[in-house]
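**Q**
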Amino acid sequence: MGNKNNIFSIKRLLLLMKRQVFVNFTGLLIAFASIGGMLLVVSVLTGFFNPEGIRGLWPLYFVALFLGGYIFSGNIFSELNSPQRSITFLTLPVSNLERLAMAWLLTAIMYSIFALVGIALVILLTHLIVGIPLAAGTFSAIWTWDGLKTVLIYVITQSVFLFGAIYFRKLNFFKTILSIFVIQSVLGLIVTIAVFLIFGTVNFESHLGFQSASLSPGLENFFRETLPDIMEFAFYYLMIPFFLVLTWFGIKERQV
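Mapping the sequence shown onto this note's numbering, position 129 (from 1) lands on 185, and the numbers just tick up by one.
Structural data, given as structure tokens:
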């Protein structure tokens, strides 16, 4: 793969991605075939009993996309959990940046593409088996803005599980889920206490989380418009870089 250095090389990156796919090819093939097979069975049974119900299966397809991607992301660094295999992975003549890029491209970009192709294949086979003619909008949900936005949300949120893959030693996926739940619960409790201490009341029936009558116009505008804009910006533009940087430091720490 060339001499080991800290310079990013497309050639080394592609070779590393090829190696990663080859090493895990059997497991990946079984996973894709299993998930695709289950979706196909559900789709065919739905098509036989309620042909119009096939259109309502899109949420199920996207749930499978998210769940499969999160599990894949959480196990992308599984080699590091084995002493023998970890030495091989960490001594490859590639930089940590290339290791990070390999993991993100495979779990976020390449996985999303193959998952969408797999969903389209399931829909195609379902129509052929059941005998339902292919309409012009059969695959439209994949290419609509809502469909692409759903995939974008996966690409953003999977960075959390990528970080969990390098941070946790075992049961990465489940530990990441548990950590998200704990952090969310703690933050929710802190926000609730802070709102109560500042405003003296908490009204969960309001979308603001408190009675807007107790706020000045400036604060009300901040919580109604400015804060949601900040949170949206942080989610779409800062979340991926933040967790990728943490993942890079995690890879670097494993080499110590």
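All C-beta atoms, glycine included, are put in the ideal place defined by N, C-alpha and C.
1) With contact counted as at least three CB pairs below 8 angstroms, one residue from each stretch, are the segment 209-219 and the segment 121-135 in contact?
2) Which residue's Cα is closest to the Cα of residue 177: 165, 159, 164 and 198?
3) Confirm, please, whether the CB-CB distance from residue 100 to residue 185 is below 7 angstroms.
4) Between which residues of its own chain and residue 136 is the CB-CB distance below 6 angstroms, once the five residues before and five after are set aside?
5) For residue 129, collect the residues of the same chain with a Cβ closer than 7 angstroms to its Cβ; drop the 5 residues on either side in sequence, then sort them by chain order.
6) Taking the straight line between their C-alpha atoms, what separation do you get for residue 166 and residue 154?
7) Please give me, in chain order, every unbroken run of the alpha helix (DSSP H) with length at least 4 that falls completely inside the segment 83-171.
8) Residue 74 lies in the alpha helix (DSSP H); which residues open and close that run?
9) Suppose you measure from the CA of residue 170 to the CA of residue 294; what does that come to, to the nearest Å?
10) Which two residues bound the contiguous alpha helix (DSSP H) that contains residue 308?
11) Give me the residue from 111, 288 and 281 with the minimum Cα distance to residue 193.
12) Would you report the Cα separation of residue 88 and residue 287, rounded to the nearest angstrom?
13) When the Cα atoms are used, what is the spatial distance from residue 249 to residue 285?
14) Under three-state DSSP, which class holds residue 225?
15) Pick helix, strand or coil for residue 195, following the three-state DSSP scheme.
16) Going by beta carbon distance, what residues of the same chain come within less than 7 angstroms of residue 91, once the five residues before and after it are set aside?
17) Apart from the five residues just before and just after residue 183, which ones in its own chain have a Cβ nearer than 6 angstroms to its Cβ?
18) Count the other CB atoms within 10 Å of the CB of residue 266; is the residue buried (16 or more) or exposed (fewer)?
19) Which residue's Cα is closest to the Cα of residue 275: 291, 289, 251 and 296?
**A** In this structure, then:
1) Touching, yes.
2) Taking the sequence shown and counting its residues from 1, one reaches residue 177 at position 121. Looking at the Cα atoms, 198 is the closest of the given residues.
3) Along the sequence shown, read from residue 1 onward, the residue named residue 185 stands at position 129. Along the sequence shown, read from residue 1 onward, the residue named residue 100 stands at position 44. A Cβ-Cβ contact shorter than 7 angstroms links residue 185 with residue 100.
4) Residue mapping note: residue 136 aligns to position 80 of the sequence shown, counting from 1. Once the five neighbours on either side are set aside, the close Cβ partners of residue 136 are 142 and 310.
5) Position 73 of the sequence shown, counted from the first residue, corresponds to residue 129. The residues are 163, 214, 217, 218 and 221.
6) Taking the first residue of the sequence shown as position 1, residue 166 is located at position 110. Taking the first residue of the sequence shown as position 1, residue 154 is located at position 98. Roughly 16 angstroms between the two C-alpha positions.
7) Secondary structure remark: continuous alpha helix (DSSP H) runs of at least 4 residues inside the segment 83-171, in chain order: 114-130, 139-146 and 152-160.
8) To locate residue 74, count along the sequence shown from 1; it is residue 18. For residue 74, the enclosing alpha helix (DSSP H) stretches over residues 66-79.
9) To locate residue 170, count along the sequence shown from 1; it is residue 114. To locate residue 294, count along the sequence shown from 1; it is residue 238. Roughly 26 angstroms between the two C-alpha positions.
10) Here residue 308 is taken as the residue at index 252 of the sequence shown, counted from 1. Counting along the chain, the alpha helix (DSSP H) containing residue 308 begins and ends at 295-310.
11) Working through the sequence shown from its first residue, we reach residue 193 at position 137. Nearest C-alpha to residue 193 among 111, 288 and 281: 111.
12) Taking the first residue of the sequence shown as position 1, residue 88 is located at position 32. Taking the first residue of the sequence shown as position 1, residue 287 is located at position 231. Going from the Cα of residue 88 to the Cα of residue 287 covers about 34 angstroms.
13) Mapped onto the sequence shown, residue 249 falls at position 193. Mapped onto the sequence shown, residue 285 falls at position 229. The alpha-carbon atoms of residue 249 and residue 285 are separated by roughly 23 angstroms.
14) Translated into positions along the sequence shown, residue 225 becomes position 169. Here residue 225 carries a coil assignment [DSSP, helix/strand/coil].
15) In the sequence shown, counting from the first residue as 1, residue 195 sits at position 139. It is coil, neither helix nor strand.
16) Reading the sequence shown from its first residue, position 35 is the one you call residue 91. Excluding sequence positions up to five before and after residue 91, its CB lies within less than 7 angstroms of the CB of 120 and 124, all in the same chain and listed in chain order.
17) Looking up residue 183 in the sequence shown gives position 127. So the list reads 190, once near-sequence residues are dropped.
18) Here residue 266 is taken as the residue at index 210 of the sequence shown, counted from 1. With a pLDDT of 48 at residue 266, under the threshold of 50, the modelled position of this residue cannot be trusted, and the question is left open.
19) On the sequence shown, residue 275 is found 219 positions in, with the first residue counted as 1. Of the candidates 291, 289, 251 and 296, 251 places its Cα closest to the Cα of residue 275.
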